[in-house]
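Right, one structure below, let's go through it.
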Amino acid sequence: MRYLPHTPEDIAAMLQVVGVESMAELFSMVPDECRRQDTPDLPEPLTEWELDAHMAALSEKRPGKSRGGPIAFLGAGRYDHFIPESINYLLGRSEFTTAYTPYQPEMSQGTLQAIYEYQTLASRLLGLEVANASLYDGASALAEALLMAMRITRKKKVALSRAIHPHYRQVVQTYLGPAGVEIVELPCLENGRTDISGLQGVEDLAVMAVQSPNFFGCIEDLTAVGNMCRENDALFITAFIEPLAYGLLKNPGLQGAHIACGEGQSLGIPRWFGGPGLGMFACKRQYMRNMPGRLVGQTLDKQGRRGFVLTLATREQHIRREKATSNICTNSSLCALSAAMYMASLGGTGIRELARLNYDKAGYLKQTLQQAGFRIPFDSPVFNEFVVEFPPDFEATYNKLLKKNMVAGLPLSPWYPELKHHYLLCVTETRSRAQMDAFVKEVTS
Amino acid sequence: MNKPLAPTGLNLDEPLLWEMGKPGRTGFSMPRRDVEPHPLDDDLAGEGPDFPDLNEMGVVRHYTRLSQWNFGVDTGMYPLGSCTMKYNPKINEKCSQLEGFAGLHPMLPAGMTQGALHLMVELERFLKEITGMDAVSLQPAAGAQGELAGMLLIHACLKGRNETRNKIIIPDTAHGTNPASAALCGYRPVRIKSGGKGILTPDAVLEVMDEDTAGIMITNPNTLGLFEAHIKAISDIVHGKGGQVYCDGANMNAIMGMVHMGNSGVDVLHLNLHKTFSAPHGGGGPGSGPVCVARHLEPFLPVPRILAKDGIYHLSEDFPQSLGRLHSFFGNFGVLIKAYAYILSMGAAGLTKSSQLAVLNANYIKEKLKSVFHLPYDRPCMHECVFSDKFQRERKITTLDMAKRLMDFGFHPPTIYFPLVVDGAMMIEPTETESLEEIDRFVAACRIVATEAMESPDLLREAPKRCKVERLDETLACRQPCLVG
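Protein chains in written order, with the working numbering: chain A, 1 to 445; chain B, 446 to 930.
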């Protein structure tokens, strides 16, 4: 086996040093009752060439061999954006890929400076003073943000918009349920935004979370939500699933968010069937010591030169044990690195231009569908995703389009039973006007 | 031949991103604009983030230079105990980048994702076979989330029996994340000490296990690198009081093909695909921490689960007793691909041999170094061995000094000051992918460091001298936190 370097002579010499007769004897401390009597039933090992062919075949067990597979108008938490080849190439630098968490800073300055830069770019994008080194994904980032808000306020009730990604709300339930936290669900208005009116006078509220753009693509009135939070003496979390939006839109910090968290996949990370992702997390500086996750900070070495280290570890589980701010002990480092490279490649000018292009393209499809006679149920402004109501018999068209390798968005009724025949459509820079025109033609024919 | 490879490379200095660039440059090929601008309300628009503008080569050089300040498994031996820094096969990286996987949207109709679902179902089966457990969820994104899944499973199971329990037993040799994971389920940790031989005794568990205790979190092999030989008896005690046994499987690399976790009395076990199954660590993630369970816990696994009907896979959330959802989608699929490719490359015999060689390498190092470093538990070890700085402390040299000095010889240091049960611990895990020559070089470097500790201790206190930076002031970083520039 090419991954195992030992020759029979090596093994014999080493066994002698150890003072045992055989490999089996190395396991003498494993009692019989724990030992395997059989061999695991696994396939015969493949050569590199067999594996390569097998994996290629498996990856193609889906229609549409073109880039990104089918022509999908599908977002809902994973977005199809162009990723510069330079990023794929740089991520192949195995000094980044094959390193561990940078516990030994003198040997890990590459990862550390890159993550410090990521934290800085993330904090600038989200308009908040500090950002962490990332969490697993958007859903767990939201759950961690809610836990953090409860620690800060010492209150045990949280309010969550119903227009937050349904999967995220499920994950929140998983994280908060066992501790008996009361979760108040905020309904949606006719315009697709969150209805916060029911919160007036709610007692003992730790935090309120909305997503913007929300799951329906609608841009929330964050300032109004922020004001309501202040009235209730609650913290304000802005969640997101499409951070590219903040290349164009006012960021969460400007609009009063105490914490902004969500998914960073859009920033140069492939969709990968939903994972790995990038849990982005930023907050106001006053809450820094309550933040979950790894943090990289700047310091000096013995010669007075700039360097970077993991810092504020006293929040973490290896020191605080059960009183830690979180059980998370890694970040999503390589994904954070991708996001930093992507943001650096775009630059301030590029991210604005790309975000505007997404906005304009989605606006084009939305308008064209509207002109073709389809109802756009929510009249709030959107970024690159929006909801359309198709006729009751649309399912047949949807299936017909699948056969033509076209995905007409995401049917919303499995998560929102009241939104029958409503579909969530997404348009990024990867969809051309010709594809959109062809799509409209198909759904109107 | 065994001369250490001292580093002598060229490192270029490199500013921070925003200390470079000029407005007007770009590193991105902007897609063609084929639509007119859509009206935008002024109230919505922000100013856009303050990012530096760099061109493509500017970005490439920046990150290439940063990468050269890093040390990975591909650079050299990385014997970081409990982290299993084995070789990360390159073909697996290629597999995970295949467009049909990397470009796959998770919300596509199941008919369009059969290849990915097939891979996941197969991987679940492989992990069941390797561990001897009955069912698997691939959803947890990392080891600590796998641990949390384990606690949530136990919590959900107790809830199904209408029981509430408030405590969980955690040995002093447990991973640091264990108590924090248990706390999320409201369990108060009850600490027990390992016995004189570095492993738990059934008596210690018997003393604290009661009907208010949800179970035990046990790491096997434990963080001293020793096999918890009494695990079956301990499991029987815990089960006898209605508790469950959670096993932290971070150290599974020692026992593949040798130990049957199901028969050892384990009810729930998490694995680290980025340790045992060769996926790279990425400088701290993304990982993957599947959770494996005995039959009685299967109804409580996270949703969605993958089911097959007439040879077609689909995702189902129809498991009313499930602990719920843990991940935005179905787990870190990009990492699962690498573990799957690894298992297919190794086969059962290859995995068994890996574990045997991992144990052989660790025992070899233990024998070679126990004359120069204090070995608190001189017993046959599994995949790692734990020394302390007791001999060197008389010259006021600490584990930290020795770790830093090892860098000057071109090795990543071992895990230090963990496990907590050993004062000044140095935890060495070579893994099976290091050759005898490389291990001999490491041993030689350790011996030189041990000699220097006695004869010229200042060399150690001043170390490292050959890295990008010298020792960094961690206190300053903590007192005046500067997290963004």
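C-beta: ideal position from N, C-alpha, C; glycine also.
Note that this is a predicted model, so its numbers are computed, not measured.
Report task. Could you tell me whether the region 795-803 of chain B touches the region 862-871 of chain B, where touching means 3 or more Cβ pairs closer than 8 Å? Result -> no
Report task. For A:Val388, go through chain B and note every residue whose CB falls closer than 9 Å to its CB, in chain order. Result -> The residue you call residue 388 of chain A lines up with position 388 of the first sequence. The premise fails here: A:Val388 is roughly 16 Å from chain B at the closest Cβ pair, so nothing lies under 9 Å.
Report task. Note down, in chain order, each residue of its chain lying with its Cβ closer than 6 Å to the Cβ of A:Gly192, except the 5 sequence neighbours on either side. Result -> Residue 192 of chain A sits at position 192 when you count from the first residue of the first sequence. Excluding sequence neighbours, A:Gly192 sits near Phe216, Cys218, Phe378, Ser380.
Report task. Kindly indicate the opening and closing residues of the beta strand (DSSP E) around A:Lys157. Result -> For the purposes of this step, residue 157 of chain A is taken as residue 157 along the first sequence, with counting starting at 1. Run containing A:Lys157: 157-161, per the beta strand (DSSP E) assignment.
Query raised in the report: Are A:Glu144 and A:Pro292 closer than 7 Å when you measure CB to CB?
Result: As a first step, residue 144 of chain A is located in the first sequence; it is residue number 144 there, counting from the start. As a first step, residue 292 of chain A is located in the first sequence; it is residue number 292 there, counting from the start. For A:Glu144 and A:Pro292, yes; Cβs fall inside 7 Å.
Query raised in the report: By Cβ distance below 6 Å, which residues in the same chain neighbour B:Met446 in space, the five residues on each side in sequence not counted?
Result: Taking the first residue of the second sequence as position 1, residue 446 of chain B is located at position 1. Note that B:Met446 scores a pLDDT of 44, beneath 50, so its modelled location is shaky; the value from the coordinates is reported in the next line. Hits under 6 Å: none found.
Query - Spatial distance of B:Met703 from B:Glu673 (CA atoms) - result: Against the second sequence, residue 703 of chain B aligns to sequence position 258. Against the second sequence, residue 673 of chain B aligns to sequence position 228. The alpha-carbon atoms of B:Met703 and B:Glu673 are separated by roughly 14 Å.
Report task. With 7 Å as the threshold, decide whether the Cβ of A:Pro40 is near any Cβ in chain B. Result -> Taking the first sequence and counting its residues from 1, the one referred to as residue 40 of chain A is at position 40. Yes, A:Pro40 lies at the interface with chain B (some Cβ there is under 7 Å from its Cβ).
Query raised in the report: Any beta-carbon of chain D closer than 7 Å to the one on B:Thr609?
Result: The question asks about chain D, but that chain is absent: this structure's protein chains are A and B.
Requested in this report: Under 7 Å Cβ to Cβ from B:His772, same chain only, skipping five residues before and after it: list those, please.
Outcome: Taking the second sequence and counting its residues from 1, one reaches residue 772 of chain B at position 327. For B:His772, where only same-chain residues beyond five positions count, the Cβ hits under 7 Å are Gln584, Ala586.
Report task. Would you identify the three-state DSSP class for B:Asp648, choosing helix, strand or coil? Result -> Here residue 648 of chain B refers to the residue found at position 203 when the second sequence is read from its first residue. Helix.
**Report entry** Own chain residues within Cβ distance below 6 Å of B:Lys573, not counting five before or after
**Finding:** One-based indexing of the second sequence puts residue 573 of chain B at position 128. Result list for B:Lys573: Val581, in chain order.
Query raised in the report: Grouping DSSP H, G and I as helix and E and B as strand, with all else coil, what is A:Ala206?
Result: Residue numbering aside, residue 206 of chain A sits at position 206 when the first sequence is read from its first letter. Note: A:Ala206 maps to strand in three-state DSSP.
**Report entry** Interface residues of chain A facing B:Ala793 [CB-CB closer than 7 Å]
**Finding:** Walking along the second sequence from the start, residue 793 of chain B turns up at place 348. Residues of chain A passing the Cβ test: Thr39, Pro40, Leu42.
Query raised in the report: Since A:Leu244 contacts A:Ala355 with CB under 8 Å, what's their CB separation in whole angstroms?
Result: Looking up residue 244 of chain A in the first sequence gives position 244. Looking up residue 355 of chain A in the first sequence gives position 355. Right, their Cβ atoms sit about 5 Å apart.
Report task. Please report the Cβ distance between B:Leu932 and B:Ala601, rounded to the nearest whole angstrom; I am assuming they are in contact, meaning their Cβ atoms lie under 8 Å. Result -> This structure cannot settle anything about residue 932 of chain B, because the visible part of chain B is limited to 446 through 930.
Query raised in the report: Would you say B:Cys927 faces chain A, with C-beta separation under 7 Å as the test?
Result: Working through the second sequence from its first residue, we reach residue 927 of chain B at position 482. Taking Cβ atoms only, chain A reaches closer than 7 Å to B:Cys927, which makes this a yes.
Query raised in the report: If you drop the 5 nearest sequence neighbours on each side, which residues of the same chain put their C-beta closer than 7 Å to that of B:Gly472?
Result: Working through the second sequence from its first residue, we reach residue 472 of chain B at position 27. Within the same chain, B:Gly472 has close Cβ partners Leu499, Asn500, Glu501, Gly503, Val504.
Requested in this report: Name the two residues that bound the continuous alpha helix (DSSP H) containing B:Val683.
Outcome: In the second sequence, counting from the first residue as 1, residue 683 of chain B sits at position 238. B:Val683 -> alpha helix (DSSP H) spans 676-685.
Query raised in the report: Thinking C-alpha only, which one of A:Asp80, A:Ser28, A:Asp52 is nearest A:Trp272?
Result: In the first sequence, the residue the question calls residue 272 of chain A occupies position 272. Nearest option by C-alpha distance: A:Asp80.
**Report entry** Coil, strand or helix - B:Met465 by DSSP
**Finding:** Walking along the second sequence from the start, residue 465 of chain B turns up at place 20. Looking at B:Met465 - three-state DSSP - the assignment turns out to be coil, as it is neither helix nor strand.
Query - Simplified DSSP assignment, three categories, for B:Val480 - result: What you label residue 480 of chain B is simply residue 35 of the second sequence in a count that begins at 1. In the structure shown, B:Val480 sits in coil (DSSP, three-state: anything other than H, G, I, E or B).
**Report entry** Contact with chain A by B:Val804, beta-carbon distance below 7 Å
**Finding:** Locating residue 804 of chain B in the second sequence gives position 359, counting from the first residue. B:Val804 counts as touching chain A.
Query - Through-space distance from B:Leu598 to B:Leu752, alpha-carbon basis - result: Translated into positions along the second sequence, residue 752 of chain B becomes position 307. Translated into positions along the second sequence, residue 598 of chain B becomes position 153. Between B:Leu752 and B:Leu598, the C-alpha separation is close to 20 Å.
Query raised in the report: According to a CB-to-CB cut-off of less than 8 Å, which residues of the region 274-290 of chain A neighbour chain B?
Result: Gly274, Gly275, Pro276, Gly277, Met288
Query raised in the report: For B:Val480 versus A:Asp437, is the C-beta spacing smaller than 7 Å?
Result: For this step, residue 480 of chain B is matched to residue 35 along the second sequence. For this step, residue 437 of chain A is matched to residue 437 along the first sequence. No.
Query raised in the report: So what does B:Gln689 bridge to, in DSSP terms?
Result: As a position in the second sequence, residue 689 of chain B is number 244, starting the count at 1. Looking at the DSSP assignment, B:Gln689 forms a beta bridge with B:Gly660.
Report task. Mind checking which residues open and close the alpha helix (DSSP H) that includes A:Leu112? Result -> Start at 1 with the first residue of the first sequence, and residue 112 of chain A comes out as number 112. It spans 109-126 - the alpha helix (DSSP H) in which A:Leu112 sits, taken as one unbroken run.
Requested in this report: Output, in chain order, the set of chain B residues within a Cβ distance shorter than 8 Å of A:Val30.
Outcome: Sequence index remark: in the first sequence, residue 30 of chain A carries index 30 (1-based). The contacting residues are Phe672, Ala674, Ile700, Met703, Val704.
Query raised in the report: Any C-beta of chain B sitting closer than 7 Å to the C-beta of A:Thr299?
Result: Position 299 of the first sequence, counting from 1, holds the residue named residue 299 of chain A. Yes, because at least one Cβ of chain B sits closer than 7 Å to the Cβ of A:Thr299.
Query raised in the report: In three-state terms, what does DSSP make of B:Phe778?
Result: One-based indexing of the second sequence puts residue 778 of chain B at position 333. Helix.
Requested in this report: Could you work out which residue in A:Pro102, A:Leu58, A:Asn88 is closest to B:Pro859 when comparing CA atoms only?
Outcome: Position 414 of the second sequence, counted from the first residue, corresponds to residue 859 of chain B. Selected option, being the one with the closest Cα: A:Pro102.
Query raised in the report: Of the residues that make up the region 502-529 of chain B, which ones have a beta carbon closer than 9 Å to any beta carbon in chain A?
Result: Met502, Gly503, Val504, Val505, His507, Tyr508, Thr509, Arg510, Leu511, Ser512, Gln513, Trp514, Asn515, Phe516, Gly517, Val518, Asp519, Thr520, Tyr523, Leu525, Cys528
Requested in this report: Assign A:Asp41 to one of three DSSP states: helix, strand, or coil.
Outcome: What you label residue 41 of chain A is simply residue 41 of the first sequence in a count that begins at 1. Here A:Asp41 sits in coil by DSSP.
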